[in-house]
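Each remark here refers to the structure printed beneath this line.
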Amino acid sequence: MFFHCYPYFSLFILFRAPTHEVYVMCKKGEPLRDKPVAAGKSSFDLIDREKTFAIIDVKPGSSFLDLACGVGKYSIEIANKIGEKGTVHAVDLWEEGIGALTQEIKAKNIKNITPIVADISKKLPLEESSIDSCLMATILHDLSKSEQTSTIQEVASVVKPGGMITIIEFKKIDKGPGPPIDIRMEEEQIEALVAPYGFIKVMGSEIGAFTYLLKYKKETLRRRTIE
Numbered sequence: 000m001f002f003h004c005y006p007y008f009s010l011f012i013l014f015r016a017p018t019h020e021v022y023v024m025c026k027k028g029e030p031l032r033d034k035p036v037a038a039g040k041s042s043f044d045l046i047d048r049e050k051t052f053a054i055i056d057v058k059p060g061s062s063f064l065d066l067a068c069g070v071g072k073y074s075i076e077i078a079n080k081i082g083e084k085g086t087v088h089a090v091d092l093w094e095e096g097i098g099a100l101t102q103e104i105k106a107k108n109i110k111n112i113t114p115i116v117a118d119i120s121k122k123l124p125l126e127e128s129s130i131d132s133c134l135m136a137t138i139l140h141d142l143s144k145s146e147q148t149s150t151i152q153e154v155a156s157v158v159k160p161g162g163m164i165t166i167i168e169f170k171k172i173d174k175g176p177g178p179p180i181d182i183r184m185e186e187e188q189i190e191a192l193v194a195p196y197g198f199i200k201v202m203g204s205e206i207g208a209f210t211y212l213l214k215y216k217k218e219t220l221r222r223r224t225i226e
């Protein structure tokens with residue numbers, strides 16, 4: 000086991016495959032939280048995939064962040080689109096999911112996905128302004144208000160000026176699969192969450208009977224001061 004010490008967090012390499020490393024991140028002296036509420040669940044089978052990935056529209060050679068990636072269904076799809084010169088950073092607190100993703104990319108010889116075990120509401124082990132596009136697929140509703148804010152703040156830090164974020168959430172309707180209606184998020188709630196961090200809406204669309212998508216662009220100017 001390898002141990003790396005950084006000023007604000009520590010990284011532990013859990014295991015090393017021939018071409019992949021899996022990382023666990025936590026603040027010094029702070030244990031990892033229990034696995035996420037929605038661990039093992041995915042919206043991947045509830046979306047119109049062709050429409051969704053056409054909207055996400057990643058470019059070959061770009062850097063992509065799949066936040067709360069689970070077992071990496073979205074990550075693998077994106078990896079096929081950005082090519083060998085691109086990188087997908089697949090981040091989740093759920094160690095079993097990251098482990099499953101690591102085994103799958105090893106079996107399929109996928110070399111442009113970096114699996115990372117980390118709490119998405121804490122500081123991410125990524126450089127500032129290093130990400131071209133970020134996906135948050137049905138994760139915000141599972142976070143507390145403070146975690147939602149800290150997550151978006153961290154996303155704003157790592158996404159490049161002019162970069163994109165795509166948010167997928169469940170429609171606020173009392174039917175079908177998904178979380179309880181009281182924690183489902185409407186577009187206005189998401190807009191209020193991301194706008195203070197310089198994200199401007201590009202488009203919104205239904206992508207399934209129970210899901211919708213919002214796409215935002217990060218302003219090229221410095222983020223507005225949060226009062």
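In numbering that gives the first Met the number 0, the protein residues as written are 0 to 226. For every residue, glycine included, the Cβ atom is placed at its ideal position computed from N, Cα and C.
Residue 216 and residue 198 have their C-alpha atoms some 5 Å from each other.
For residue 153, DSSP assigns no beta-bridge partner whatsoever. Between residue 109 and residue 78, the gap from beta carbon to beta carbon is short of 7 Å. Separation of the CB atoms of residue 61 and residue 131 is rounded to 4 Å, and the pair is thereby assigned contact status at 8 Å. Taking C-beta atoms under 8 Å as the contact rule, residue 66 and residue 138 qualify, at a distance of about 6 Å. Secondary structure at residue 144: helix, using DSSP grouped into helix, strand and coil.
When DSSP reads this structure, residue 203 sits in a beta bridge with 213.
Per DSSP, reduced to three states, the secondary structure at residue 99 is helical. Residue state for residue 132 is assigned as strand, using DSSP reduced to three classes.
Per the C-alpha coordinates, the member of 113, 168, 176, 174 positioned closest to residue 189 is 168. Straight-line measurement puts the Cα of residue 129 at about 22 Å from the Cα of residue 69. A residue is called buried once 16 or more other Cβ atoms fall within 10 Å of its Cβ, and residue 42 is buried on that count. Within the model, the alpha-carbon separation for residue 191 versus residue 200 is close to 11 Å. Of the residues 214, 204, 158, 185, the one whose Cα lies closest to the Cα of residue 171 is 185. Under the three-state reduction of DSSP, residue 158 is assigned to strand.
Going by C-alpha positions, residue 113 is about 15 Å away from residue 119.
Scanning the stretch 57-87 from its first residue to its last, the whole beta strand (DSSP E) runs of 3-plus residues come out as 62-66.
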